[in-house]
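For the protein sequence lines, the chains are V and A, in the order given. Under this note's numbering, residues 34 to 227 are what the first sequence spells out, in order. Under this note's numbering, residues 34 to 227 are what the second sequence spells out, in order.
Number of protein chains: 2
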Amino acid sequence: MPQQRSEETRTRILDAAVRRFAISGYDAASVGDICAEAGVSKGAFYYHYPTKQAIFLALMQGWLAMIDIGMGAARKDTVPETLVHMTNLLPGVFAAAEDRLPMFLEFWLQASRDEKVWKAVIAPYRHYQEVFARLVEDGIAEGSIKPTDPQVAAQVIVSLAVGLVLQGVLDPRGADWEKTARESMQILMNGLAK
Amino acid sequence: MPQQRSEETRTRILDAAVRRFAISGYDAASVGDICAEAGVSKGAFYYHYPTKQAIFLALMQGWLAMIDIGMGAARKDTVPETLVHMTNLLPGVFAAAEDRLPMFLEFWLQASRDEKVWKAVIAPYRHYQEVFARLVEDGIAEGSIKPTDPQVAAQVIVSLAVGLVLQGVLDPRGADWEKTARESMQILMNGLAK
DNA sequence: ATAAACATACCGACCAGTCGGTATGTTTAT
DNA sequence: ATAAACATACCGACTGGTCGGTATGTTTAT
Chain V
34 MPQQRSEETR
44 TRILDAAVRR
54 FAISGYDAAS
64 VGDICAEAGV
74 SKGAFYYHYP
84 TKQAIFLALM
94 QGWLAMIDIG
104 MGAARKDTVP
114 ETLVHMTNLL
124 PGVFAAAEDR
134 LPMFLEFWLQ
144 ASRDEKVWKA
154 VIAPYRHYQE
164 VFARLVEDGI
174 AEGSIKPTDP
184 QVAAQVIVSL
194 AVGLVLQGVL
204 DPRGADWEKT
214 ARESMQILMN
224 GLAK
Chain A
34 MPQQRSEETR
44 TRILDAAVRR
54 FAISGYDAAS
64 VGDICAEAGV
74 SKGAFYYHYP
84 TKQAIFLALM
94 QGWLAMIDIG
104 MGAARKDTVP
114 ETLVHMTNLL
124 PGVFAAAEDR
134 LPMFLEFWLQ
144 ASRDEKVWKA
154 VIAPYRHYQE
164 VFARLVEDGI
174 AEGSIKPTDP
184 QVAAQVIVSL
194 AVGLVLQGVL
204 DPRGADWEKT
214 ARESMQILMN
224 GLAK
C-alpha cells in the first residue's frame, strides 16, 4: 500500500482533533493546536481535510457509526431483557469514552445551529428513535410490555439516556452514573412492563 | 442613586446579548454584534460589564433564578399530582423560552469546561436534585410512592426533563414535545407510584 | 522524473478589550 | 441663582494578537 504513511497522518490528525475538541471545544481548538498535537504541519492538515468543519463532521460520523454498531449487538430473548442488557453495556461506554463526552454535547450544539451538521445528525438520531420504537412494538406484541404509544415510549428511553449522559458530563463525580443508569432503566421498565 | 437612563441601557444590552447568544452561540456572538443589536457603543458595554463572560454569567444567573421560582410554585396535594402538575407547566416554559433553549445547552457546555461557570451552575443544579429527592421522600412517607432510593428517583426525573429539553432543542418539529413530556412523566409515575 | 505528501511563510479578517475624549446630569460654593 | 467642580454614562477609533485558510517551496516514494 503506497499511501501507508499518508493514512497514518490522517489518523494522527483525527486523534489529535478528538483530544483538542474534547478539551477546548470546537471553536477554541485551533487548527494550529490540532496540528501541534498531531506533530504535523498545517500543510498536512489541509492536504487531508478541506476545512476545519470537515474534520469535525468526519469525527461525528465515526462516533455515530460506533453507537450504531453497539446498539445492534444487544438483542436478547425478551424486550425488557434487551433494554436492561443495553444499560449494562453503559459502564463500558462511559469508561471508554468519558473524556470524549463533552464532544457529544458539542455535536449536539453545533447541530442545533448549523444546517449541514444538523442534517448529518438528524438522520441517525431518528434512526435510533425508530429502533427503540420497533423494540417497544415487539415488546407489546410478545406481551411483555403494556400497550403504549411506541413513539412516546421510545422518546422516553432516548430522553432518559441523553439526560443521564448530559449529567455525567456536567458532574461526573456527582453520582455513580453506572448504577444510576441501571436503576433508572429499572424504574422505567416498571412503568412499561406488564 | 443610579441614573435611570443607565438602567435602561443595561437591560438593552442584556436583551441583545440573549438574542445574539441564542442565535450564534457564545463564541460566534461578538461584543460588537451585541452592541450593534442593542444600539449602543462598545464603550457602553464595557462600562456596564467588565468582560464578555460576565454578561454571560449574569444571563445564566437570571435563567437559573427563573427556574427556581417556577419550581417552588407547583406544590399540590399528593406528590404524584405535584409531579404531573409540573409537567403541565412545561408547555408554558417551552413556549416562553423556545428560542432561548440553545442557550441552555451553551450554559451546560461552558459549565463542563469553565471552572467559574461550573461553580455558578452546579449549586442550583444540585439544589433542584435535592428538591426532587425530598419530594420523592415525601411521596414514600405519604404512601403514594414505592420505596425507592430518593436520590436515584430524583436523578431519573431530572434526566428525563433534561433529555426532553435537549431533544426539543435539536428537533423542535420532530415531535409534539409538550404531549411527549406529559406522557413521559405518566410512564415514569407508573414505575414509581404504588 | 514526477506526483503525492508534507512543510513554511504568509494573508486578510476578525475580535476582546482599552483609551482618550465628550456629553449629560448632580453637587457644591458663592 | 448660577457657575464651577465633579461624577456618571457613553462614544468610537485603535491595539495586539489569533485564526482559518492559501501559496509556494521541499521531501519522499515509485
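Ideal Cβ placement from N, Cα and C applies to all residues, glycine included.
{"Check": "When DSSP labels each residue in this structure, what does Ala-232 of chain A get in the three-state scheme?", "Outcome": "No information on residue 232 of chain A is available, as it lies outside the stretch 34 to 227 that chain A covers here."}
{"Check": "Quick one: grab the DSSP three-state call for Ala-194 of chain V.", "Outcome": "helix"}
{"Check": "For the alpha helix (DSSP H) that contains Arg-215 of chain A, what are its first and last residues?", "Outcome": "210 to 225"}
{"Check": "What residue from A:Phe-127, A:Pro-83, A:Arg-146 and A:Glu-40 has the CA that sits closest to Gly-201 of chain A's CA?", "Outcome": "A:Phe-127"}
{"Check": "Short check: CB of Val-195 of chain A to CB of Leu-199 of chain V, under 8 angstroms?", "Outcome": "yes"}
{"Check": "Return the bridge partner residues of Ile-178 of chain V from the DSSP annotation.", "Outcome": "V:Ala-226"}
{"Check": "By alpha-carbon positions, which one of V:Asp-110, V:Arg-53, V:Ser-39 and V:Ser-63 ends up nearest to Tyr-233 of chain V?", "Outcome": "The structure shown does not extend to residue 233 of chain V, since chain V is modelled only from 34 to 227, so the question has no answer here."}
{"Check": "Identify every run of the beta strand (DSSP E) within the segment 44 to 109 of chain A, keeping only runs that are complete inside it and at least 3 residues long; order them along the chain.", "Outcome": "none"}
{"Check": "Starting from Pro-135 of chain V, trace the alpha helix (DSSP H) in both directions and tell me its first and last residue.", "Outcome": "134 to 146"}
{"Check": "Take Lys-85 of chain A and list the residues in its own chain whose beta-carbon comes closer than 7 angstroms to its own, dropping the five residues that flank it on each side.", "Outcome": "Val-64"}
{"Check": "Between Thr-111 of chain A and Ser-192 of chain A, how many whole angstroms is the CB-CB distance? I'm expecting something under 8 angstroms.", "Outcome": "Not confirmed; about 23 angstroms, so no contact."}
{"Check": "Do we get a CB-CB distance below 8 angstroms when we pair Asn-121 of chain V with the residues of chain A?", "Outcome": "no"}
{"Check": "Do Pro-113 of chain A and Met-222 of chain A have their beta-carbon atoms positioned less than 8 angstroms apart in this structure?", "Outcome": "yes"}
{"Check": "State yes or no: is the beta carbon of Trp-96 of chain A nearer than 8 angstroms to at least one beta carbon in chain V?", "Outcome": "no"}
{"Check": "Let me make sure I understand the geometry here. Which of V:Phe-78, V:Met-93 and V:Thr-120 has the alpha-carbon closest to that of Trp-210 of chain V?", "Outcome": "V:Thr-120"}
{"Check": "What do you reckon, are the CB atoms on Val-189 of chain A and Ser-145 of chain V nearer than 8 angstroms?", "Outcome": "no"}
{"Check": "Cα separation between Phe-89 of chain V and Ala-129 of chain V?", "Outcome": "20 angstroms"}
{"Check": "Give the DSSP-derived three-state secondary structure of Asp-204 of chain V in the structure shown.", "Outcome": "coil"}
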